[in-house]
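Under the numbering used here, the first residue of the sequence shown carries the number 31, and numbering increases by one thereafter.
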Amino acid sequence: METYQSVVGVSLDNESVFLTLLYAMARGERRALQHVRQQARRELQEIERTAESEALSILPGTVEELIEELENPASEIDIAVPADALGATHGCATCSTKIIEPDTLSEAVVLHYELSEAAADNARERIANAIYSSGVETGGLGSSSRCSYCHAQDSRGD
Ligand SMILES: [Zn+2]
């Protein structure tokens with residue numbers, strides 16, 4: 031079942047193959063392929079949804095707890111995981127190192143916790159500051175597309 035594998039990257043189990051064959055016999059091969067593709071896409075979306083909610087479950091129950099974690103140097107929270115799920119990371123244009131975008135992340139976190147406008151302003155700033163000072167890769171100064179290392183290499187080459 032190459033179609034299925036090309037969408038999901040896993041093979042069908044025997045039961046799915048059998049059902050697809052029945053479907054093909056009843057509805058014709060083209061319809062069967064459409065059916066398999068739809069099913070594969072649905073499963074992929076399900077996998078992505080599960081991965082996203084697992085990633086977001088790392089975030090504590092309240093924004094205050096999250097800020098405390100971020101401001102605590104001994105904290106073991108891996109903010110890169112929820113940052114990924116919230117679309118607040120990108121790869122360095124040169125070496126692909128993961129770069130966390132503090133401003134995008136703080137905005138996404140504020141939305142995630144459904145903060146009021148008044149609470150959001152303060153939280154955004156504290157989250158962004160905590161991330162900038164936490165030592166995670168946030169990109170080179172003035173450069174949004176490269177990590178701090180590649181950015182520094184470039185500046186030296188001038
Ligand atoms: Zn880099």
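Glycine is no exception: its CB is placed at the ideal position from the N, C-alpha and C atoms.
Identify whether residue i lies in helix, strand or coil by the three-state DSSP scheme.
i    : result
Q77  : Note that residue 77 is Ile in the sequence shown here, rather than Gln. DSSP places I77 in helix when its eight states are reduced to three.
I129 : strand
T124 : coil
H168 : The question names His, yet the displayed sequence has Thr at residue 168. Three-state result, T168: coil.
M31  : Caution applies to M31, whose pLDDT of 49 falls short of 50 and renders its modelled position unreliable; the model cannot decide the point.
Could you tell me whether any non-hydrogen atom of ligand 1 is closer than 6 Å to the CB of residue i?
i    : result
T7   : What the structure shows of the chain is the stretch from 31 to 188, and residue 7 is not part of that stretch, so it cannot be assessed.
T168 : no
T119 : no
T92  : no
T127 : yes
R176 : yes
Less than 8 Å between C-beta atoms, sequence neighbours within five positions excluded: which residues of the same chain meet that for residue i?
i    : result
A110 : T119, K128, I130 and V166
Where do the ends of the alpha helix (DSSP H) carrying residue i lie?
i    : result
T50  : N44 to R57
E95  : V93 to E101
R154 : E147 to Y162
D114 : A110 to A115
Ordered along the chain, which non-local residues of its own chain (more than five positions away) have a Cβ less than 7 Å from that of residue i?
i    : result
A158 : P132, D133 and S136
A192 : Outside the displayed span of the chain (31 to 188) sits residue 192, for which this structure offers no information.
Give me, in chain order, the residues of the same chain whose beta-carbon lies closer than 6 Å to that of residue i; leave out the 5 immediate sequence neighbours on both sides.
i    : result
V140 : A150, A153 and R154
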